[in-house]
């Protein structure tokens, strides 16, 4: 663990985590996370940001330098299905674009609690279909996401596998895959997690589910079906409360004969990838993810 990561964990534990504990309601959560992200986000040099539309909804297309033609990453942002936006994620997704040499498009899917239950997956599926309508073969698309967006990525993967149009692969950073909150790491890592307070998960689940079954695969891909899946990369931290969401998800995918790579980082905070440019562990993880995306798309290494 680098000295920078040591200090980042101390800062998150003493400043960010207590702040998250005080969040109340969707509106306050969104304002606070956008403010926090404004400090964290570091765009890569030469980033081209192009507002666009996917299936009638706003999206942000990101490129940095020369990008491979005919290949693309569909990135689904995190935020507990309650907060987050393409603009908030321009730094992380933009760095993935630069390292991979691929265009990364981030759709603005509808958020809870205002949106109908299941709207996030509907919008993610529509965004994927819009790319296909634009001429991208499903095998030319990698789907990716972090945290809730990682869970959404895997829920989308299930939909696509079941209808016989799987993407080239899926990449997730610290995915939230089980809204039943049954993972042992929720208890074991409650104090160790530098960023996420476990006691706030219940409120978030209520806003997202609103009485629906938490084991519904639309929200908890841990219980989804994945016939004939493509390769999947899962990166997570062993010290976060959602660690078991990643490990159990990998086993679920392997039960469908998926080629799953799990990269477990011992002491990183939840979605440490956000801090590329500040801690070397973020760059190392993003470089691995970028290389995996190129392999999934049968592109040569950069």
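Numbering (the working numbering), first residue to last: -14 to 287. Just so you know, even glycine gets a beta-carbon here, dropped at the ideal spot from N, CA and C.
Check whether residue i and residue j have beta carbons under 7 Å apart
{"i": "residue 293", "j": "residue 182", "result": "The structure shown does not extend to residue 293, since the chain is modelled only from -14 through 287, so no value can be given for it."}
{"i": "residue 278", "j": "residue 85", "result": "yes"}
{"i": "residue 109", "j": "residue 40", "result": "no"}
{"i": "residue 211", "j": "residue 241", "result": "yes"}
{"i": "residue 146", "j": "residue 227", "result": "no"}
{"i": "residue 65", "j": "residue 189", "result": "yes"}
{"i": "residue 67", "j": "residue 14", "result": "yes"}
{"i": "residue 43", "j": "residue 118", "result": "no"}
{"i": "residue 1", "j": "residue 180", "result": "yes"}
{"i": "residue 307", "j": "residue -9", "result": "The shown model of the chain, from -14 to 287, leaves out residue 307, and the question about it has no answer."}
{"i": "residue 262", "j": "residue -2", "result": "no"}
{"i": "residue 264", "j": "residue -7", "result": "yes"}
{"i": "residue 98", "j": "residue 192", "result": "yes"}
Of the listed residues the options, nearest to residue i (C-alpha basis)
{"i": "residue 91", "options": "84, 101, 79", "result": "79"}
{"i": "residue 62", "options": "30, 163, 106, 87", "result": "106"}
{"i": "residue 153", "options": "20, 86, 218", "result": "218"}
{"i": "residue 256", "options": "74, 148, 216, -8", "result": "74"}
{"i": "residue 103", "options": "87, 89, 70, 144", "result": "144"}
{"i": "residue 285", "options": "52, 178, 247, 197", "result": "52"}
{"i": "residue 47", "options": "56, 118, 35", "result": "35"}
{"i": "residue 134", "options": "192, 88, 205", "result": "205"}
{"i": "residue -14", "options": "253, 283, 260, 177", "result": "253"}
{"i": "residue 276", "options": "28, 155, 170", "result": "155"}
{"i": "residue 225", "options": "-7, 6, 216, 175", "result": "175"}
{"i": "residue 245", "options": "265, 258, 259, 213", "result": "213"}
{"i": "residue 272", "options": "172, 220, 99", "result": "220"}
DSSP beta-bridge partners of residue i
{"i": "residue 184", "result": "Looking at the DSSP assignment, residue 184 forms no beta bridge with any residue, so it has no partner."}
{"i": "residue 248", "result": "220"}
{"i": "residue 91", "result": "45"}
{"i": "residue 154", "result": "127"}
{"i": "residue 33", "result": "48"}
{"i": "residue 39", "result": "42"}
Beta-carbon separation (whole angstroms), residue i vs residue j, contact threshold 8 Å
{"i": "residue 138", "j": "residue 129", "result": "6 Å"}
{"i": "residue 31", "j": "residue 49", "result": "5 Å"}
{"i": "residue 131", "j": "residue 157", "result": "7 Å"}
{"i": "residue 229", "j": "residue 170", "result": "4 Å"}
{"i": "residue 141", "j": "residue 113", "result": "6 Å"}
Residue i beta carbon near the ligand GTP (any heavy atom closer than 6 Å)
{"i": "residue 8", "result": "The ligand GTP is absent from the structure shown, which contains no ligand whatsoever."}
Q. In chain order, which beta strand (DSSP E) runs of at least 3 residues are fully inside the segment 48 to 72?
A. 57 to 61, all fully within the segment 48 to 72.
Q: Run through the segment 97 to 135 for me and flag every whole beta strand (DSSP E) of 3 or more residues, listed as ranges in chain order.
A: The segment 97 to 135 contains these whole beta strand (DSSP E) runs: 126 to 131.
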